[in-house]
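Residue numbers (my numbering): 3 to 423.
Here it is, written out as structure tokens:
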């Protein structure tokens, strides 16, 4: 339980510190996570207890980290950025391992923590949009004015964060609903009469606010990822036979979000999609950036330039805006390919597929509602990541990456719980 509390604190800090994209915040996350991992290991050795629950899905991630470390050692003159990103990579793996070794009560606490994180960020983002409040704490936003960004600077990163929190919250709601309605029958009469159902309705309210916050971030891929993740959740619930009417309620849930967005004001969102072909800066320039970045792969196709090296090596290839070099490729698949090569990208895709398979097993094979809920949450979160990172770099933002790692760790822990039953 204490480890779970410390992990939640790290996750909240990572998100609240403007996404922790600045070196000082990245350093704090690395120090805190490495310290927590060391303390947990030392305590386990002292008590002569098992500290780590191993899962085969971690193999490609460990290999990726090993290759990145060797790469870093072969390039001692690499900028400090490489050091920070390597430390963050270590930190993310430690978070996954710590979470995957948590107790059942700690697992529920972590899932609840993600719900409260999403609820706060949704409320903050909607205040920014509806109240025309352009502040993040004491910082005045000059970009993405009057849009929902929460405590993050970029609306696209915020929308991915909200998608992850919303999927994990749906998993928590599924767990609570499965316990509340053991028969699998969910009717309006039951919802209004069964003791404790008011809490679930309150959760639904906050999840709807999370969906609204994604809409009012005006992130096109964020909205597409929202629809895609909810759609795959509904399909998976239906395929797994987890409740007769839950899939229908999932569709109604999406309709409620759309209806609420239309009532508050959806004109600007529609305009964003109508202007898709006219936005040269966001689209033509981005495609040109990908074209320039693709040239970098030829130099070291198998092992790449080195983790965190994109912003330093891209300058020699950039034709879009050479006076202001880009720090990211706006496509995580492409940037990972450039920095870690075919081998690195292949290992991460292997890890992605392995986590997906674990999530499907958790949902399909287990009778434990907590395991099934976490599996459902992970499937939705992975779908959102797979879609949104085609045109964005959200996983390079430590605040978002920490939340994603937490969900992955919960998924692996759920598998251990399923095997016990």
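Where is the CB? At the ideal position from N, CA and C, for every residue including glycine.
Nothing here was measured: the structure is a model prediction, and the numbers come from that model.
Residue 137 has 142 as its beta-bridge partners, per DSSP. Burial check for residue 5: the Cβ neighbour count within 10 Å reaches 16 or more, so the residue is buried.
Contact between residue 408 and residue 376 does not hold, since the beta-carbon distance rounds to 11 Å and is not under 8 Å.
Residue 125 has its alpha-carbon roughly 37 Å from the corresponding atom of residue 57. Counted as a single uninterrupted DSSP element, the alpha helix (DSSP H) harbouring residue 115 occupies residues 106-132. Comparing alpha-carbon positions, the option among 48, 84, 351 lying closest to residue 29 turns out to be 84. When the beta-carbon positions are compared, residue 339 and residue 351 stay at least 7 Å from each other. Sequence-distant partners of residue 128 (beyond 5 residues in either direction) whose C-beta falls short of 7 Å from its own C-beta, in its chain, are 150, 211, 214, 215, 218.
In the assembly as shown, residue 159 is a buried residue. Its beta-carbon has 16 or more other beta-carbons within 10 Å. Residue burial is scored here from C-beta neighbours: residue 20 has at least 16 other C-beta atoms within 10 angstroms and is therefore classed as buried. Nearest to residue 122 by C-alpha distance, out of 87, 101, 103, 168, is 168. Counting only runs that start and end inside the stretch 27-85, the alpha helix (DSSP H) elements of at least 4 residues fall at 61-76. A direct Cα-Cα distance of roughly 27 Å separates residue 82 from residue 387.
Closest option to residue 120, judged by alpha-carbon separation, among 156, 207, 345, 366: 207. Here residue 319 carries a coil assignment [DSSP, helix/strand/coil]. The C-beta of residue 25 has fewer than 16 other C-beta atoms within 10 Å across all chains shown, which makes the residue exposed. Its chain contains 59, 62 as the residues whose beta carbon lies nearer than 7 Å to that of residue 356, once the 5 sequence neighbours on both sides are disregarded; these appear in chain order.
When DSSP states are grouped into helix, strand and coil, residue 156 belongs to the coil group.
The straight-line gap separating the alpha-carbon atoms of residue 224 and residue 110 is approximately 27 Å. Burial of residue 73 is indicated by the presence of at least 16 other C-beta atoms within 10 angstroms of its C-beta. For residue 18, the enclosing alpha helix (DSSP H) stretches over residues 4-18. Judged by their CB atoms, residue 402 and residue 162 are nearer to each other than the 7 Å cut-off.
Listed in chain order, the non-local C-beta contacts of residue 22 below 7 Å within the same chain comprise 16, 28, 31, 400, 401, local neighbours out to five positions each way being set aside. Residue 147 sits in coil when the DSSP states are folded into three classes, being neither helix nor strand. For residue 341, the secondary structure class from DSSP, reduced to helix, strand or coil, is helix. Ranked by Cα distance from residue 7, the first of 303, 69, 330, 104 is 104. Per DSSP, the continuous alpha helix (DSSP H) segment holding residue 228 begins and ends at 222-242. Listed in chain order, the non-local C-beta contacts of residue 205 below 6 Å within the same chain comprise 175, local neighbours out to five positions each way being set aside. The three-state secondary structure of residue 413, taken from DSSP, is helix.
With a cut-off of 8 Å on Cβ pairs, the stretch 294-305 is not in contact with the stretch 352-372, counting fewer than three such pairs.
Just measuring C-alpha positions, the residue of 365, 323, 419, 289 sitting nearest residue 393 is 289. Pairing residue 360 with residue 420 gives a Cβ-Cβ distance that is not under 7 Å. For residue 330, the secondary structure class from DSSP, reduced to helix, strand or coil, is coil. Annotation: residue 89 to residue 148 spans about 35 Å, alpha carbon to alpha carbon.
Under the three-state reduction of DSSP, residue 311 is assigned to coil, being neither helix nor strand. Distances from the CA of residue 71 to each of 306, 118, 37 were compared; the closest alpha carbon is that of 306.
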